[in-house]
Amino acid sequence: MTELQSAVWVSITVSLSATALCALAGLPAGCLLALRDFAGKRAVLALLNTLLALPTVVVGLVGYLLLCRRGPLGPLHLLFTPGAIVFGEFILALPIMVVFAHAAVAGVDRAARDTARTLGAGPAALAWTLLSEARFGILAAVAATFGRLVGEVGIAMMLGGNISGYTRTMTTAIALEASKGQAGPALQLGGVLLAIAVAVNVVLRVLQGQAGSEAAA
Amino acid sequence: MITLAGVRRAWNGKALLEIPSLRIARGVNTALVGHNGAGKTTLLRLLAGLDQPTSGRIEREVPLASTVLCLQKPYLFKGTVAANIVYGPRLRGCTRAEGRRIAEDQARRLGIVPLLNRDSRRLSFGEAQKVALARALACKPTLLLLDEPTAGLDHDSVLALEAEVRRFVEGGGTCVVATHSPEQARRLGATIVALENGSLAPAQHHSAA
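Top to bottom, those sequences are chains A and B.
Residues 1 to 217 (the numbering used here) are what the first sequence spells out, left to right.
Residues 1001 to 1209 (the numbering used here) are what the second sequence spells out, left to right.
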């Protein structure tokens, strides 16, 4: 595998892993936020919305302090591994997933909730039913999260260390090649990133179209 | 079967429903009759356990799990009509094969067999009403609550649906139907509970037994 191919592979696997972990934690959390009323819910939503604009270098810095040898998570020996990038990207993207999932589930017709409950759905079945009803919104959330992570550079640089063939992602490789004055490889990787961005955008458009046509039906 | 005592339901301090006492008896058809805003839907939601009374008591002799409400504007889940009909049975652990049999059985009874594989979001309002009733009956409820189930149906469909409701009660079920129409209540052979501005109408007996 060439260095460029390796950067593409690391970028995609790391971003997909972080997206999957975010979905596992963020979808139930978003669902819970939409279904339950509790004291401080507005404050939680305001905080999550604020975290959407979290700068990646801040996440990278906090992640570094947590994962460095003397940090609380130092014994895990994650720093400068792909796992460290996944960890940082998880922190970055979790608010995105929760906010999108909350919006998708909260947007489902109230009658869906009443219908599921009266037909015998308990809390878990109710949550699954509403996630299923909001599936295009949920898939859009997953696609948007992946799109955000695959182009991320601050966390990959600070927590991954830009180690060739190991933690070097497309974005950190572009930064490195550009700093060396090597425009060719940087442009190639930029093209791959652009193609991924276009693919994610197409998926989002299709999903939004399907959600729109269902809403109109 | 269900006894209401001093039940009051309020929203933002405004009373939507006040029922001093009412008893819904087992094995009969009860019709809640009244104009818009009389409190029919509010009472059905309380009976279904979807809302709780602000004050007062609702005593049930049957578990809430065997009570099913058909909403006035039916909501069908994404997917096929068959998948909607077996939603309740699947929650109760029936297999795919059993589910298919239940869906076909209910669809046959309500005359919607050709709709079974149709997308639930591509139905007319009347078709959706029938699917919602089939889905409710597939749960084999003890208490069936129907909120204006024939709104939007043509004459033949109204008669077919009323026949299905009568059959349900003859089979030992208990049904409470909200309707604008006293004639429909009579066709259903129902005991009438008249509601007016969120209360029982003045001449109303306090038992539907």
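Quick reminder that beta carbons are idealized off the backbone N, C-alpha and C, glycines included.
Counting C-beta neighbours from all protein chains within 10 Å, is the total for E177 (chain A) 16 or more, i.e. buried, or is it exposed?
Residue mapping note: residue 177 (chain A) aligns to position 177 of the first sequence, counting from 1. So E177 (chain A) ends up on the buried side.
Chain B contacts from the stretch 100-125 of chain A (Cβ-Cβ distance under 7 Å):
Considering only beta carbons, the part of the stretch 100-125 of chain A lying closer than 7 Å to chain B consists of D109, A111, A112, D114, T115, R117, T118, L119, G120, A121, A125, in chain order.
Indicate whether at least one CB of chain A lies closer than 8 Å to the CB of R1092 (chain B).
The residue given as residue 1092 (chain B) occupies position 92 in the second sequence. So, interface residue.
Reference I163 (chain A); option with closest CA among A:R148, A:F80, A:C22:
The residue labelled residue 163 (chain A) in the question sits at position 163 within the first sequence. Closest option to I163 (chain A), Cα to Cα, is A:F80.
Which chain A residues are close to K1130 (chain B), counting only those with a beta carbon under 8 Å from its beta carbon?
By one-based count along the second sequence, residue 1130 (chain B) stands at place 130. Per Cβ cutoff of 8 Å: no residues; K1130 (chain B) is ~15 Å from chain A at best.
Name, in chain order, the residues that DSSP records as bridge partners for T1179 (chain B).
Position 179 of the second sequence holds residue 1179 (chain B). The partner list for T1179 (chain B) (beta bridge, DSSP) reads B:V1033.
Can you confirm whether the stretch 116-131 of chain A touches the stretch 28-45 of chain A when touching is taken to mean that 3 or more C-beta pairs between the two stretches lie within less than 8 Å?
Yes, the stretch 28-45 of chain A is in contact with the stretch 116-131 of chain A.
Note down, in chain order, each residue of its chain lying with its Cβ closer than 8 Å to the Cβ of Q1106 (chain B), except the 5 sequence neighbours on either side.
To locate residue 1106 (chain B), count along the second sequence from 1; it is residue 106. Hits under 8 Å: I1085, A1134, R1135, L1137, A1138.
Considering only the alpha carbon of each residue, which of A:A7, A:V99, A:A23, A:G74 lies closest to F90 (chain A)?
Along the first sequence, one-based indexing puts residue 90 (chain A) at 90. It is A:A23.
G165 (chain A), enclosing beta strand (DSSP E) - first and last residue:
Mapped onto the first sequence, residue 165 (chain A) falls at position 165. Where G165 (chain A) is concerned, there is no enclosing beta strand (DSSP E), given that its DSSP letter is neither H nor E.
Residues of chain B with CB closer than 9 Å to the CB of E177 (chain A), please, in chain order.
Numbered from 1 along the first sequence, position 177 holds the residue referred to as residue 177 (chain A). The premise fails here: E177 (chain A) is roughly 47 Å from chain B at the closest Cβ pair, so nothing lies under 9 Å.
Contact list for R1118 (chain B) against chain A, beta-carbon separation under 7 Å:
Walking along the second sequence from the start, residue 1118 (chain B) turns up at place 118. Near R1118 (chain B) there are no residues of chain A at all, since even the closest Cβ is about 12 Å away, more than 7 Å.
Cβ neighbours of V8 (chain A) in the same chain (closer than 7 Å, five flanking residues each side left out):
By one-based count along the first sequence, residue 8 (chain A) stands at place 8. Excluding its 5 nearest sequence neighbours in each direction, V8 (chain A) has C-beta neighbours in its own chain below 7 Å: M170, V192, listed in chain order.
Best match in B:T1054, B:R1045, B:P1020, B:T1191 for proximity to K1014 (chain B) [C-alpha to C-alpha]:
The residue given as residue 1014 (chain B) occupies position 14 in the second sequence. Comparing Cα-Cα distances from K1014 (chain B) to each of B:T1054, B:R1045, B:P1020, B:T1191, the minimum goes to B:T1054.
Inter-stretch contact (C-beta, 8 Å, three-pair minimum) for the stretch 133-146 of chain A and the stretch 100-108 of chain A
yes
In whole angstroms, give me the CA-to-CA distance for A1181 (chain B) and T1041 (chain B).
In the second sequence, the residue the question calls residue 1181 (chain B) occupies position 181. In the second sequence, the residue the question calls residue 1041 (chain B) occupies position 41. Here residue 1181 (chain B) is Ser; the residue named in the question, Ala, does not match the sequence. Approximately 15 Å between the Cα atoms of the pair.
CB G165 (chain A) to CB S6 (chain A), shorter than 8 Å?
Here residue 165 (chain A) is taken as the residue at index 165 of the first sequence, counted from 1. Here residue 6 (chain A) is taken as the residue at index 6 of the first sequence, counted from 1. Cβ distance < 8 Å, so G165 (chain A) and S6 (chain A) count as in contact.
Please report the Cβ distance between A987 (chain B) and G1111 (chain B), rounded to the nearest whole angstrom; I am assuming they are in contact, meaning their Cβ atoms lie under 8 Å.
With chain B represented from 1001 up to 1209, any question about residue 987 (chain B) goes unanswered, as that position is not in the structure.
Per the contact definition of three or more C-beta pairs closer than 8 Å, is the stretch 89-104 of chain A in contact with the stretch 42-53 of chain A?
Yes: at least three Cβ pairs fall under 8 Å.
Residues near A1005 (chain B) in its chain [Cβ-Cβ closer than 7 Å; skip 5 each side]:
Along the second sequence, one-based indexing puts residue 1005 (chain B) at 5. The answer, listed in chain order, is S1021, G1056, R1057.
Extract the residue ranges of the beta strand (DSSP E) inside the stretch 1118-1166 of chain B, only unbroken runs of 3 or more that lie entirely within it.
1143-1147
Could you name the residues that DSSP lists as bridge partners for T1174 (chain B)?
Counted from its first residue, the second sequence places residue 1174 (chain B) at position 174. Answer is B:L1143.
Where does P1063 (chain B) fall in DSSP's three states?
Taking the first residue of the second sequence as position 1, residue 1063 (chain B) is located at position 63. The answer is coil: DSSP assigns P1063 (chain B) none of H, G, I, E or B.
In whole angstroms, give me the CA-to-CA distance for L1017 (chain B) and L1050 (chain B).
As a working note, residue 1017 (chain B) is residue 17 in the second sequence. As a working note, residue 1050 (chain B) is residue 50 in the second sequence. Their backbone Cα atoms lie some 15 Å apart in a straight line.
Taking only beta carbons into account, state which residues of the stretch 1068-1092 of chain B come closer than 7 Å to chain A, listed in chain order.
V1068, L1069, L1071, K1073, Y1075, F1077, K1078, Y1087, G1088, L1091, R1092
With a cut-off of 8 Å, does the C-beta of A1048 (chain B) fall near any C-beta of chain A?
Working through the second sequence from its first residue, we reach residue 1048 (chain B) at position 48. Yes - at least one Cβ of chain A is within 8 Å of the one on A1048 (chain B).
Buried or exposed for R113 (chain A), going by 16 or more other Cβ atoms inside 10 Å?
Taking the first sequence and counting its residues from 1, the one referred to as residue 113 (chain A) is at position 113. Buried.
Indicate whether at least one CB of chain D lies closer than 8 Å to the CB of A1065 (chain B).
Of the protein chains in the structure, A and B, none is chain D.
Note down, in chain order, each residue of its chain lying with its Cβ closer than 6 Å to the Cβ of V1158 (chain B), except the 5 sequence neighbours on either side.
In the second sequence, the residue the question calls residue 1158 (chain B) occupies position 158. Excluding residues within five positions, the ones whose Cβ falls inside 6 Å are T1150.
Taking 8 Å as the CB-CB limit, is C1139 (chain B) close to chain A?
For this step, residue 1139 (chain B) is matched to residue 139 along the second sequence. Answer yes: the Cβ-Cβ gap between C1139 (chain B) and chain A drops below 8 Å somewhere.
Under 7 Å Cβ-Cβ, which residues of chain B neighbour E133 (chain A)?
Here residue 133 (chain A) refers to the residue found at position 133 when the first sequence is read from its first residue. Within chain B, F1077, K1078 have C-beta atoms less than 7 Å from the C-beta of E133 (chain A), given in sequence order.
Taking a contact to mean a Cβ-Cβ separation below 8 Å, would you say V14 (chain A) touches I85 (chain A) in this structure?
Mapped onto the first sequence, residue 14 (chain A) falls at position 14. Mapped onto the first sequence, residue 85 (chain A) falls at position 85. Closer than 8 Å, so yes.
Bridge partners - L1017 (chain B), DSSP secondary structure assignment:
Position 17 of the second sequence, counted from the first residue, corresponds to residue 1017 (chain B). Looking at the DSSP assignment, L1017 (chain B) forms a beta bridge with B:R1009.
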